[in-house]
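Participant: Residue numbers (my numbering): 1 to 414. Each residue gets a CB set at the ideal place from its N, CA and C atoms; glycine is no exception.
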């Protein structure tokens, strides 16, 4: 959403709906003459809706009870069901919809349901015949606890506690726009719904108005205007308010694949008062603070309030409302040179200032790291370190002057 919002009135009563897209759902139909309880056990949609409301109450509190449940079973066979489950708000609401993929297994006439981010979801995905080969390694990461630790302080300070996997802020993603083109970051970090924590989301608009997958993965249409892509390393990304978006049930998309156009669609609720894409970062099934993470060769930072903040490429800082160039993805073994206000950083023949200078790397340049070692200590934007990185050309650069997303080696020790 953009940084300005009009007041809205919340729904006064709960509405619950269930959508089945597989007529008969293969083995899901109850036998003729079955008792009422058995019929409920044969239809997973009620069980999914119940679990959806439980998850919603756990994450957003009592407000979830006023949302509509939309269960879309997209695959079903032999006592299994798979699909999307959405807690929809009213169009124009200050709250955005919430949604998860689900897996359900029928045991002893009852459906056991698991949503993304739950250990059972990962366990079921390993056994379910409905989960495709491309999905299995991705779903295996969508469960289990996350670790909490301070995000790196930005140029304006403001450390926050965010959830992530083992202190690794690398995403492998690009901006969700066309590589080689400009886009406007109309709003800096904010919650999936307004200013609520965590500040997981950014808004983008302008350029060619095409929204693209930030990284490869499997894609799911949560509802009209809303696409989710599940990536590796436990990540997923959400793209909302789209026009003419793709309709898919786990189709593979490459990095940069077309997902739709920026728009104002609010089919599942929320508000959009100008054409844009509302982009959200998820890890292990829950939204996480986007600050400290990279999108391509830009690192995102919080501001003093939701919708403020900035992005940095090297030493160049662009605030909310500014234009970002999509440099493409930053590889997991790559780093961006941050000269901390300078124009370049020396590259040396060994890990320390006692070694000869062997050229320089410009601020904002991309370098590939072969391995790391300890050497002389230096202080950069993110603090003091004695770590040095050996680059792919054989030269060395202090870790104090690069952004890698990890407080340590990113490609092993030399």
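Is the distance from the Cβ of residue 65 to the Cβ of residue 88 below 8 Å?
Facilitator: Position 65 of the chain shown, counted from the start, is the residue given in the question as residue 65. Position 88 of the chain shown, counted from the start, is the residue given in the question as residue 88. Against a cut-off of 8 Å, the Cβ pair of residue 88 and residue 65 comes out as no contact.
Participant: DSSP three-state call for residue 124: helix, strand or coil?
Facilitator: Counted from its first residue, the chain shown places residue 124 at position 124. It is helical.
Participant: On a CA-only basis, which of 313, 300 and 98 is nearest residue 203? Give me that one, please.
Facilitator: As a first step, residue 203 is located in the chain shown; it is residue number 203 there, counting from the start. The shortest Cα separation from residue 203 among 313, 300 and 98 belongs to 300.
Participant: Excluding five sequence neighbours on each side, which residues of the same chain lie with their C-beta closer than 6 Å to the C-beta of residue 341?
Facilitator: Taking the chain shown and counting its residues from 1, the one referred to as residue 341 is at position 341. Taken in chain order, the residues that qualify are 315.
Participant: Would you check if there are 3 or more beta carbon pairs closer than 8 Å linking the region 237 to 252 to the region 209 to 228?
Facilitator: Because the criterion of three Cβ pairs below 8 Å is met, the region 237 to 252 and the region 209 to 228 touch.
Participant: Can you tell me which residues form a DSSP beta bridge with residue 110?
Facilitator: For the purposes of this step, residue 110 is taken as the residue at position 110 of the chain shown. DSSP output for residue 110 lists 107 as bridge partner(s).
Participant: Let me know the secondary structure DSSP gives residue 303 once reduced to three states.
Facilitator: Sequence index remark: in the chain shown, residue 303 carries index 303 (1-based). Residue state, collapsed to three classes: coil.
Participant: Between the beta-carbon of residue 306 and the beta-carbon of residue 191, is there less than 8 Å?
Facilitator: Position 306 of the chain shown, counted from the start, is the residue given in the question as residue 306. Position 191 of the chain shown, counted from the start, is the residue given in the question as residue 191. Result yes, Cβ atoms of residue 306 and residue 191 sit closer than 8 Å.
Participant: Go through its chain and collect everything with a Cβ distance to residue 407's Cβ below 7 Å, but skip five positions before and after it.
Facilitator: Within the chain shown, residue 407 is the residue found at index 407, counting from 1. The answer, listed in chain order, is 167.
Participant: Of all the options 51, 260 and 364, which has the alpha carbon lying nearest to the alpha carbon of residue 121?
Facilitator: Here residue 121 refers to the residue found at position 121 when the chain shown is read from its first residue. Out of 51, 260 and 364, 51 has the C-alpha closest to the C-alpha of residue 121.
Participant: How far does the beta strand (DSSP E) with residue 52 in it extend, from its first residue to its last?
Facilitator: Locating residue 52 in the chain shown gives position 52, counting from the first residue. Taken as a continuous stretch (DSSP letters only), residue 52 belongs to no beta strand (DSSP E), being part of the alpha helix (DSSP H) at 44 to 60.
Participant: Do you know offhand how far residue 389's Cα is from residue 397's?
Facilitator: Within the chain shown, numbered from 1, the residue matching residue 389 stands at position 389. Within the chain shown, numbered from 1, the residue matching residue 397 stands at position 397. Looking at the two C-alpha atoms, the distance is approximately 5 Å.
Participant: Quick one: complete beta strand (DSSP E) runs, 3+ long, within the region 206 to 262?
Facilitator: Runs found: 210 to 212, 217 to 223, 226 to 230, 235 to 240, 249 to 253 and 258 to 261.
Participant: Where DSSP assigns a beta bridge to residue 182, which residues make up the other side?
Facilitator: Numbered from its first residue, the chain shown carries residue 182 at position 182. According to DSSP, which records beta bridges pairwise, residue 182 is partnered with 325.
Participant: Answer yes or no: do residue 100 and residue 285 have a C-beta to C-beta separation smaller than 8 Å?
Facilitator: On the chain shown, residue 100 is found 100 positions in, with the first residue counted as 1. On the chain shown, residue 285 is found 285 positions in, with the first residue counted as 1. Yes, these two residues count as a Cβ contact at 8 Å.
Participant: For residue 138, name the three-state secondary structure that DSSP assigns.
Facilitator: To locate residue 138, count along the chain shown from 1; it is residue 138. Residue 138: helix per DSSP, three-state reduction.
Participant: For a test of the three-state rule: what should DSSP assign to residue 401, helix, strand or coil?
Facilitator: Numbered from 1 along the chain shown, position 401 holds the residue referred to as residue 401. Residue 401: helix per DSSP, three-state reduction.
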